[in-house]
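Asks:
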Amino acid sequence: MKVKKTILFFFKYYIIGIGMRRVMRNKIKYFFFSILTVIAISINKKMIYEKLLPNLNILKLSFIVMAILTIALYLFYKRYNKKIHPMKHILALIFSLCCVIGNSYQEISSWDLVFSSVPLFLVSIIQVFCYYYLIKTIFCFIDTFLERKVTFKFNTKNKIIKLFKEHPFLFSLIVILLFWLIYMIAFYPLILSKDPSFQIKQFFNVKTKYIDYVIPLSNKVNLTNHHPVFHTMLLGGSIKLGRLLGSDNLGLFIYAIMQSITLASSLAYTIYYLYKKKKSLVLSFILLMIYSLVPMFPFYAMSAVKDTLYTAIIIFFVITLFTIIDNNKEIKTSKYVVLLLLSILLYLLRNNGIYVAVGTILVLAIYRRKEFIFLTAVLLFVIGTYISYDKILLPALKIPAGSIREELSVPFQQTARYVKEHGDEIPLKDRKKIDKLLEYDTLKDRYNPNLADPVKNKYNKYTTKKELKDYFKVWWKEFLVHPTTYIEATLNNTYGYFYPDTANWYIYSGIHYNKLITEDNLVNYHYNNLSFLRMILSGYGIIFPYIPLIGLISNIGFSAMGLLTSIVYLLTSKYKKYVIAMLPSLLSLAICFISPANTYFRYSMPFTFLMPFYVSYIYLLLVKDN
43 MKVKKTILFF FKYYIIGIGM RRVMRNKIKY FFFSILTVIA ISINKKMIYE KLLPNLNILK
103 LSFIVMAILT IALYLFYKRY NKKIHPMKHI LALIFSLCCV IGNSYQEISS WDLVFSSVPL
163 FLVSIIQVFC YYYLIKTIFC FIDTFLERKV TFKFNTKNKI IKLFKEHPFL FSLIVILLFW
223 LIYMIAFYPL ILSKDPSFQI KQFFNVKTKY IDYVIPLSNK VNLTNHHPVF HTMLLGGSIK
283 LGRLLGSDNL GLFIYAIMQS ITLASSLAYT IYYLYKKKKS LVLSFILLMI YSLVPMFPFY
343 AMSAVKDTLY TAIIIFFVIT LFTIIDNNKE IKTSKYVVLL LLSILLYLLR NNGIYVAVGT
403 ILVLAIYRRK EFIFLTAVLL FVIGTYISYD KILLPALKIP AGSIREELSV PFQQTARYVK
463 EHGDEIPLKD RKKIDKLLEY DTLKDRYNPN LADPVKNKYN KYTTKKELKD YFKVWWKEFL
523 VHPTTYIEAT LNNTYGYFYP DTANWYIYSG IHYNKLITED NLVNYHYNNL SFLRMILSGY
583 GIIFPYIPLI GLISNIGFSA MGLLTSIVYL LTSKYKKYVI AMLPSLLSLA ICFISPANTY
643 FRYSMPFTFL MPFYVSYIYL LLVKDN
């Protein structure tokens, strides 16, 4: 018996010892990862790159801040350490690579902070691992939060709540417009940046730079489809209407009202749909607060760029897709008509809208096999009307299409960077082939790593198919010699779409009105005397992205990560079908990677503006599933 008790005693305390050792081992591991993560986040690799070591400023954060972060991360890592789906591990690794590489490009317009030396490469590896561990733990936190099925409730006896429940769309629309009213008053009649100003000039047949980019079809027509003709007609037509009523400003304000109501209606529709399908008052009101108070929404409602109306149509298009996917029955004829009309509006309001419409409907047709024939008919009709409009109607009106250079931003930037870094290696005959397209002698000086316009603005519009073919032969040959130069050029021109610590070309604040259309008394456009109010609102708009946490709502890189995370969460659940409804945003993100400008906010609007709705709807789906 004594032997038995002795064995049991030792066995018991041996098990306890193992448990304690594991606990202590885990605590040490979490503490080690916490310290390592804080150091990885705060280390200044640029100082290592510039060989400024040893230097006390090698760490960007103070010791006190680092200590607080270490404790916070230790508690966070200790609490959330469950297993996650392999796809989330992969996504965490991708995001960590994006953070490390994006930081390098932001600092020195190159990936040399990662690859230029062994010490920097080793530090970067540690950073990638630390970011991966942090993001992986965030996914653990999200999974735990979903499993707890956290729900929030309002006092439904409140009169405002009752009013919302009775009229969710109209209530939301009125509230949004009331909050936007101060912007409409301050920036009366409208915020005009350069692009819409040039569009107005084209409407009045004034010669602009855009006609110089193409071969005119008539000496009498200065209008091109570089900016969609349909949107140009809306802008110019509003001014014409205003003149009939006695004021150019009034005409521009009529356009502003029309655009604001359209955008506000699309946003209100997301709230209406969320509430009707999921009955979540709290999330519906959170969406309403975001749309009303986050400045990017009213600023773009009052900005005449084509992207505002285009984004509104994208939102309507996405919600239509959700209604189709939510309904397991046959698609009603009215939905076919809505899809068709919205698809047409997409390519009328933005030239690359045709790719979003066609790509989405094609996938939807494959998914909805029972309606494949009808959806294929819709798809063919959309393509047919697009070809008729773009290839027949516009040429018949002597309106030339935009230049092919708009589709070649990526290879042109790659060539420009190659010339800048390896120009002395290019043979004379190859230089001449590049010169026929892009004016070789000034190419390296024109190269802007974040913007393709200075390079492609010198594109020779008389380039023949043979010359273009010869250029691509040179382009391919140079790629084989220095492929990393091409990769760097593309990353440098796109990193802001996947790196959340940057915010360029955010809003058109419009403190001072654009004078392009007031030259030669073309249009009588001017602001009112509320300059102080405009200054306050503009200041709020400009600083918003830098407000901790809530500022991420308007961050392009964060929204892109949110979009991909939402898709992964759907793919790892039984709600995979909803990914189809998010395709317009996903395709819009893909288009950003071939766009001419890095971190250009208006290009990201089709997914940035929809992120609050996506997160809310998917959260309610997954909470129900857990």
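At position 195 of the sequence shown the residue is numbered 237 (the numbering used here), and the sequence of numbers has no breaks. Note that beta-carbon positions come from the ideal geometry of N, C-alpha and C, so glycine has one too.
Could you pull out every residue in the same chain whose Cβ sits closer than 6 Å to the Cβ of Asn534, ignoring the five residues on either side in sequence?
Replies: Tyr147, Ser151, Pro491, listed in sequence order.
Asks: Give me the Cα-Cα distance between Phe416 and Ile559, rounded to the nearest whole angstrom.
Replies: Going by the C-alpha atoms only, they are around 46 Å apart.
Asks: Excluding the 5 residues preceding and the 5 following Pro648 in the sequence, name in chain order all residues of the same chain whose CB lies nearer than 7 Å to its CB.
Replies: Cβ within range, chain order: Thr353, Ile356, Pro626, Ser627, Ser630.
Asks: Would you call the CB atoms of Ser239 and Asn556 closer than 8 Å?
Replies: For Ser239 and Asn556, yes; Cβs fall inside 8 Å.
Asks: In or out: Tyr661 buried (at least 16 other Cβ within 10 Å) or exposed?
Replies: Tyr661 comes out buried.
Asks: Quick check on Glu92: buried or exposed, where buried means 16 or more other Cβ atoms within 10 Å of its Cβ?
Replies: By the neighbour-count rule (16 or more Cβ atoms within 10 Å), Glu92 is not buried but exposed.
Asks: Considering only C-alpha positions, which residue in the set Ala438, Ile216, Phe272 is nearest to Ser334?
Replies: The residue with the shortest Cα to Cα distance from Ser334 is Ile216.
Asks: With DSSP as the reference, label Ala443 as helix, strand or coil.
Replies: Ala443 falls in the coil class under three-state DSSP.
Asks: For Trp518, report the span of its alpha helix (DSSP H) as first-last.
Replies: 507-523 is the span of the alpha helix (DSSP H), which, as asked, contains Trp518.
Asks: Around the Cβ of Ile281, are there at least 16 other Cβ atoms within 10 angstroms (buried) or fewer (exposed)?
Replies: Answer is buried; the Cβ neighbour count reaches 16.
Asks: Let me check understanding here. Comparing Cα to Cα, which of Arg459, Lys519, Ser601 lies closest to Ala531?
Replies: That would be Arg459, whose Cα lies nearest to the Cα of Ala531.
Asks: Taking three-plus beta-carbon pairs below 8 Å as touching, is the segment 476-486 in contact with the segment 496-503?
Replies: Yes, the segment 476-486 is in contact with the segment 496-503.
Asks: Once you ignore the five residues that flank Leu493 on each side, which residues in its own chain have a CB closer than 8 Å to its CB?
Replies: So the qualifying residues of the chain are Asn535, Pro638, Ala639, Asn640.
Asks: In the structure shown, what three-state DSSP assignment does Ser158 receive?
Replies: Three-state DSSP puts Ser158 in coil, outside helix and strand.
Asks: Do His127 and Thr614 have their CB atoms nearer than 8 Å?
Replies: Contact: yes.
Asks: Relative to the alpha-carbon of Lys207, which residue among Tyr537, Phe423, Lys318, Met338 has its alpha-carbon at the smallest distance?
Replies: For the residues Tyr537, Phe423, Lys318, Met338, the minimum Cα distance to Lys207 belongs to Lys318.
Asks: Rounded to a whole number of angstroms, what is the C-alpha to C-alpha distance between Val452 and Val324?
Replies: Looking at the two C-alpha atoms, the distance is approximately 44 Å.
Asks: Find out if the Cβ-Cβ distance for the pair Ile622, Tyr409 is shorter than 8 Å.
Replies: Yes, they are a contact pair.
Asks: Between Lys486 and Tyr528, what straight-line distance do the alpha-carbon atoms span, to the nearest angstrom?
Replies: Roughly 14 Å separates the two Cα atoms.
Asks: Please return the same chain residues whose Cβ sits closer than 6 Å to the Cβ of Gly144, not counting the five positions on each side in sequence.
Replies: Once the five neighbours on either side are set aside, the close Cβ partners of Gly144 are Tyr537, Tyr541.
Asks: Just to check my reading of the structure: Ser138 and Tyr173 have Cβ atoms closer than 8 Å, yes? What is that Cβ distance to the nearest angstrom?
Replies: Right, the Cβ-Cβ distance comes to about 3 Å (below 8 Å), so this counts as a contact.
Asks: Relative to the C-alpha of Lys236, which candidate in Phe229, Thr250, Ser658 has its C-alpha closest?
Replies: Per the Cα distances, Thr250.
Asks: Please specify which runs of the beta strand (DSSP E), each continuous and at least 3 residues long, are wholly inside the segment 553-614, giving them in chain order.
Replies: With a minimum length of 3 residues, no continuous beta strand (DSSP E) run stays inside the segment 553-614.
Asks: Answer with buried or exposed for Trp518, where buried requires no fewer than 16 other C-beta atoms within 10 angstroms of its C-beta.
Replies: Under this definition Trp518 is an exposed residue.
Asks: Is it true that the CB of Arg644 sits closer than 8 Å to the CB of Val347?
Replies: Cβ atoms of Val347 and Arg644: closer than 8 Å.
Asks: Leaving out five residues before and five after Ile489 in sequence, what residues of the same chain have Cβ atoms less than 8 Å from its Cβ?
Replies: The identity of residue 489 in the sequence shown is Tyr, whereas the question assumes Ile. Answer for Tyr489: Gln455, Ala458, Arg459, Val461, Lys462, Pro496, Val497, listed in chain order.
Asks: Taking all protein chains shown into account, decide if Ser345 is buried (16 or more other Cβ within 10 angstroms of its Cβ) or exposed.
Replies: Burial call: buried.
Asks: Just to confirm the assignment: which complete alpha helix (DSSP H) runs, minimum length 4, are found wholly within the segment 165-213?
Replies: The qualifying runs are 201-208.
Asks: Keeping to the same chain, check which residues put their C-beta closer than 7 Å to that of Ser307; ignore five residues upstream and five downstream.
Replies: Same-chain partners within the cutoff: Leu215.
Asks: Taking all protein chains shown into account, decide if Thr179 is buried (16 or more other Cβ within 10 angstroms of its Cβ) or exposed.
Replies: Answer is buried; the Cβ neighbour count reaches 16.
Asks: Going straight from the alpha carbon of Ser658 to that of Ile303, what length do you get?
Replies: Each residue's Cα considered, the two are about 23 Å apart.
Asks: Have a look at the DSSP bridge pairing and note the partners of Ile233.
Replies: Paired residue(s): Ser345.
Asks: Just curious, the alpha helix (DSSP H) that Thr418 is in, first and last residue?
Replies: Counting along the chain, the alpha helix (DSSP H) containing Thr418 begins and ends at 414-429.
Asks: So, helix, strand or coil for Ile361, using DSSP?
Replies: Helix.
Asks: Taking all protein chains shown into account, do 16 or more other C-beta atoms lie within 10 angstroms of the C-beta of Leu599, making it buried, or fewer, making it exposed?
Replies: The question names Leu, but residue 599 is Gly in the sequence shown. Looking at its Cβ environment, which holds 16 or more other Cβ atoms inside 10 Å, Gly599 is buried.
Asks: Nearest-angstrom Cα distance between Val248 and Leu265?
Replies: So the alpha carbons of these two residues sit roughly 8 Å apart.
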